[in-house]
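Following: one structure in structure tokens, then a few remarks.
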Amino acid sequence: MLHRRRGGRGYAGLVTPTVKMWNYRTELPMRGWPKSYHSVCRGLMYKVAIVGSGFIGSTIASVLASSGCDVDAIDVNERLIAAFERGDCPIKEPGLAELCAKQKAAGRLRFGNDFSRVADADVILVTVGTPLAEDFTPDISHIHAATEAIVPYVRDGQLVMVKSTVPPGITRVVVAERLRQVADVLVAFSPERLAEGTAIRELSSLPIVVGGLDAESSAAAETFWKKTLGVNVIVVSSPEAAEVVKLADNLWIDLNIALAHDLAKLCDALPYDLDVLEVIAGANSLKKGQHYVNILTPSNGVGGYCLTKDPWFVHTLGTRHGTELLTPQTSRAVNAGMPAYCASQIAQWARSRDRLPSSLQLAVLGLAFKTNSGDVRLTPVMPLLDALQAEGFRSVRVHDPMVRKEDADDWGVVLNPSMDDTLRNADGVIFLVGHDDFKALSPARIASLAAPGALVFDGRRYFDRSEIAEIQDLGFAYKGVGR
Ligand SMILES: NC(=O)c1ccc[n+]([C@@H]2O[C@H](COP(=O)([O-])OP(=O)(O)OC[C@H]3O[C@@H](n4cnc5c(N)ncnc54)[C@H](O)[C@@H]3O)[C@@H](O)[C@H]2O)c1
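First residue of the sequence shown? That's 164 in our numbering, and the numbers climb one at a time after it.
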């Protein structure tokens, strides 16, 4: 349990029986000892319970365990827990399987479905899913369920921190008010802002925002992240401010990518030889105020669990509170249109060669929604495959070394396990993700496998200018998004 100083502010995070306790907020020594310092006695930093052990939960659990915490990762999904328990890592994230195995072997990380484990924790992190409901409103039923599941076990002095993305007010109204009926807990919201594919590195380097229900909650949350991850912590004045920070970040990203997509379409439409990446690099050299213009990179679409829903959360909030916000709808419409746009570009190339799409063999490289990730949730590749079919393409082989067979099966996609087989005699080589394996594929290698004169469609591989010249010199056609 974290020690709550009698009558006052301040929490000691990392405390040992042999050194003075410090209030890390003020850096002043505090009086007294923690009521319970079981984790510290065992040489561990904090005892942490993580409720929801999917992508975010299992990643945070593994990273916190490697920082010295004793971690119980809890989930209601029996299949997921069984996989982790038998040593599999069902979450495809670079480095996660190794980190998870190491921390389990060291005895610092356990997976299970026993919610009573939270009783032992100093800190409880809530990382359950918050999907988009069918009517485009946030579905917070998992937050409700997770809160109810821990109600019997929470104790005075524990810090409960919500990491799931939620609309403002949920931490206070759904989590804190319910838990404080049974225990004097500290409560904070701390948005998770890591990106899949680079999650482990980002968890230990990105600044973390926290907003507590009161000063004590904020201080405890701040100390926790500083002591465990050693990252910069930004304390905002309330959980609601921190909740909106997360939505603002994702709205900015989605809108910025939409801007890049519109610029790419403009470069495609203009009768000049334009490369949108060159245009963006030039535009980004402008300093405005404290920062540079930072237009992101266009691709074949936006997918995944966050950017496809969080702008809708913002939109719904506006509507519910009497304000019509136009940017979330705009960014979603632009980005959701990219798969069909790319399919139409590929079909246009076929028509320009007087080839019937139905006579062409396509090799699609990438099913995941993101580079170097195996996550296929809401992947833009699926609507692109559908759009290719609607354009008349019938013969499509798909290869993605990061994606698990069972995840592809869920989409009804049969993955070809061999990149060479996928590329062999293909009339179109369609790069839809930029996995390292695909980046390593040189123009010469593509030429040695694909059919003569094939199209290389660059959705997210981002060949550089000299590689594009090489592709063309080898007798192939190149088409990128806006290039
Ligand atoms: N995936 C990302 O890149 C990312 C990034 C930032 C923030 N987020 C946010 O983090 C949250 C989690 O995202 P995720 O990608 O890990 O989702 P996920 O679906 O991979 O994981 C959620 C887990 O919660 C479990 N769960 C559901 N109800 C539960 C309950 N009552 N008790 C215990 N476990 C329960 C599910 O079984 C699942 O394993 C979401 O709010 C998401 O918006 C995700």
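Where is the CB? At the ideal position from N, CA and C, for every residue including glycine.
Residues bridged to residue i (per DSSP)
i	result
Gly275	Ile237
Gly643	Asp621
Ala351	Met324, Gly375
Phe532	Paired residues: none, contrary to the question.
Val394	Its beta-bridge partners do not exist; DSSP assigns none.
Val281	For Val281, which the question treats as bridged, DSSP gives no partner whatsoever.
Pro301	Leu295
Ile287	Ala212, Val323
Ser558	Gln524
Leu578	Val561
Val399	Gly374
His598	Beta-bridge pairing links His598 to no other residue.
Tyr455	Lys450
Residues near residue i in its chain [Cβ-Cβ closer than 7 Å; skip 5 each side]
i	result
Pro615	Gly638
Val337	Ile303, Ile306, His307, Thr310
Phe594	Leu528, Gly529, Phe601, Phe620, Asp621, Gly622, Arg623, Arg624
Gln266	Ser225, Ala228, Ser229, Leu272
Leu612	Asp583, Leu586, Arg587
Gly206	With a pLDDT of only 47 at Gly206, under the threshold of 50, the placement of this residue in the model should not be trusted; the figure read from the coordinates follows. Closer than 7 Å at the Cβ level, and outside the excluded window around Gly206, lies no residue.
Val559	Leu525, Val527, Leu548, Leu551
Leu470	Asn413, Ile416, Asp417
Sequence-distant residues of its chain with Cβ nearer than 6 Å to residue i (five each side left out)
i	result
Tyr279	It should be noted that the sequence gives Ser, not Tyr, for residue 279. Closer than 6 Å at Cβ, skipping near neighbours: Tyr316.
Phe352	Val325, Thr334, Gly374, Pro402, Ala405, Glu406
Leu618	Trp512, Gly591, Ala640
Ala503	Ala550
Thr490	Leu418
Asp570	Val539
Residue environment, residue i, which counts as buried when at least 16 other CB atoms sit within 10 Å
i	result
Leu548	buried
Ile397	exposed
Gly220	buried
Glu379	buried
Ser515	exposed
Asp572	exposed
Gly467	buried
Tyr209	buried
Ser494	buried
Gly643	buried
Thr486	exposed
Lys568	exposed
Gln552	exposed
Gln635	exposed
Gly195	In this prediction, Gly195 has a pLDDT of 32, which is less than 50 and means its spatial position is unreliable; what the coordinates show is noted afterwards. So Gly195 ends up on the exposed side.
Arg356	buried
Ala269	exposed
Thr482	exposed
Pro434	exposed
Asp285	buried
Asp238	buried
Extent of the continuous beta strand (DSSP E) run through residue i
i	result
Gln524	524-528
Ser230	Counting along the chain, Ser230 falls outside any beta strand (DSSP E), and DSSP gives it neither H nor E.
Ile593	591-594
Extent of the continuous alpha helix (DSSP H) to which residue i belongs
i	result
Ala506	501-515
Ile634	628-636
Val317	Segment: none, Val317 is in no alpha helix (DSSP H) and carries neither H nor E.
Leu262	259-268
His652	Here the chain covers residues 164 to 646 and nothing more, so residue 652 does not appear.
Ala553	544-553
Contacting residues, own chain, Cβ-Cβ under 8 Å from residue i (five flanking each side not counted)
i	result
Ile458	Asn419, Leu422, Ala423, Leu426, Ile443, Ala446, Asn447
Asp436	none
Val566	Lys255, Leu530, Ala531, Gly537, Val539, Leu578
Arg249	none
Below-8 Å beta-carbon distance, residue i vs any chain D residue
i	result
Thr334	Going by chain labels, chain D is absent from the structure shown, which holds only one protein chain.
Near ligand 3: residue i beta-carbon under 7 Å from a heavy atom
i	result
Ser304	Absence of ligand 3 from the depicted structure is noted, with ligand 1 being the only ligands included.
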